[in-house]
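Numbering (the working numbering), first residue to last: 30 to 287.
Reviewing the structure listed below.
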Amino acid sequence: MKNSEAGFTIPELITVMVVSTLFAGLIMFFGFDYWQTAEIQQSDQDTLISRLNAGDFIRENIGESSGLIIQNSLADSHTLVPDPAINSGLYWIPLHAIPSHLTIGSSGSITPLIYYKKMSINTSKAVIMNGTVPYDDEFVLYLNGSNKQLLDRSIANPNAPNNRLKTSCPPANASPSCPADKVIATDVASVDTRYFSRTGTPLDYSSSTDPNTGNLNGPDFPVVEVLELTLNLQFKPLFQKTNVTQNSTVIRIALRND
Numbered sequence: 030m031k032n033s034e035a036g037f038t039i040p041e042l043i044t045v046m047v048v049s050t051l052f053a054g055l056i057m058f059f060g061f062d063y064w065q066t067a068e069i070q071q072s073d074q075d076t077l078i079s080r081l082n083a084g085d086f087i088r089e090n091i092g093e094s095s096g097l098i099i100q101n102s103l104a105d106s107h108t109l110v111p112d113p114a115i116n117s118g119l120y121w122i123p124l125h126a127i128p129s130h131l132t133i134g135s136s137g138s139i140t141p142l143i144y145y146k147k148m149s150i151n152t153s154k155a156v157i158m159n160g161t162v163p164y165d166d167e168f169v170l171y172l173n174g175s176n177k178q179l180l181d182r183s184i185a186n187p188n189a190p191n192n193r194l195k196t197s198c199p200p201a202n203a204s205p206s207c208p209a210d211k212v213i214a215t216d217v218a219s220v221d222t223r224y225f226s227r228t229g230t231p232l233d234y235s236s237s238t239d240p241n242t243g244n245l246n247g248p249d250f251p252v253v254e255v256l257e258l259t260l261n262l263q264f265k266p267l268f269q270k271t272n273v274t275q276n277s278t279v280i281r282i283a284l285r286n287d
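Here it is, written out as structure tokens:
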């Protein structure tokens with residue numbers, strides 16, 4: 030009786046190894062592709078949430094404001110981009126109603142975007158009056174290049190009795206008496222600004238110049254009736270080499286300038 034032979038021949042073993050390697054490679058490829066797609070979709074969802082939250086905040090706060098302003102009139106002890114023409118350093122650099130494309134700066138850079146004012150409210154949620162006119166608090170929307178964020182600084186009017194608003198500070202300087210500036214959006218790449226009349230006509234900013242800088246400034250913020258902000262977000266999903274997710278949202282606000 031002959032002994033039976035068991036096992037694989039060398040060609041059979043090589044064939045099994047090649048086929049197994051091929052299937053393992055395909056499984057890894059499809060698994061990685063699925064994971065990569067899931068990460069991109071997650072980043073799309075994250076930027077969508079950020080855009081929606083930013084749109085809601087900007088529409089609510091600027092839409093209910095008393096209007097846009099060229100520069101804060103209330104002193105800010107934590108001014109990040111001070112006006113070089115004012116020695117105290119307590120006032121942000123002036124802005125004018127000129128269409129712009131503002132790219133997020135490098136780490137450590139701060140870019141002012143919009144200044145606006147709102148009526149001061151007391152702890153009973155009533156408007157604080159100064160005779161026949163209300164007191165105003167002031168706000169600064171700015172870009173922080175270090176963390177690619179859009180933030181909002183609040184400057185409470187110190188003359189408004191029982192003002193419920195607190196002046197905010199840069200996160201590094203925040204305290205119970207001076208809360209951190211509010212983060213409006215993250216992963217910001219750039220912001221575009223445009224200004225219109227109520228009928229949709231672009232503001233003519235070329236009719237006059239700033240006597241200090243020589244730059245065009247036109248009739249400026251008092252006649253702006255509609256503000257348009259285009260918020261451009263850019264996000265690199267985990268382990269991706271490029272910024273795959275790029276989304277924009279256009280925010281139009283009808284102003285109630287004084």
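The beta carbon of each residue, even a glycine, is placed where N, CA and C say it ideally should be.
Under the criterion of beta carbons closer than 8 Å, Thr-132 and Ser-219 qualify as touching, at roughly 4 Å. Counting only the Cα atoms, Ser-106 lies some 5 Å from Leu-119.
The C-alpha of Arg-227 is placed about 6 Å away from the C-alpha of Val-255. Under the three-state reduction of DSSP output, Val-255 falls in the strand class.
DSSP, read as helix, strand or coil, puts Asp-85 in helix. Among the bridge pairs identified by DSSP, Val-156 is matched with Ile-150. Assigned with DSSP and collapsed to three states, Pro-141 falls in strand. Judged by their CB atoms, Val-217 and Lys-154 are not nearer to each other than the 8 Å cut-off.
DSSP, reduced to helix, strand and coil, places Leu-42 within a helical segment of the structure shown. Ser-149 has its alpha-carbon roughly 25 Å from the corresponding atom of Leu-172.
The beta carbon of Arg-88 is closer than 8 Å to those of Ile-280 and Ile-282 in its chain, skipping five residues each way along the sequence. Leu-179 is positioned such that its CB atom lies closer than 8 Å to that of Ala-214. When the alpha-carbon of Glu-93 is set against those of Asn-244, Val-156 and Thr-108, the nearest one is in Val-156. Within 10 angstroms of the beta-carbon of Pro-205 lie fewer than 16 other beta-carbons, which makes it exposed.
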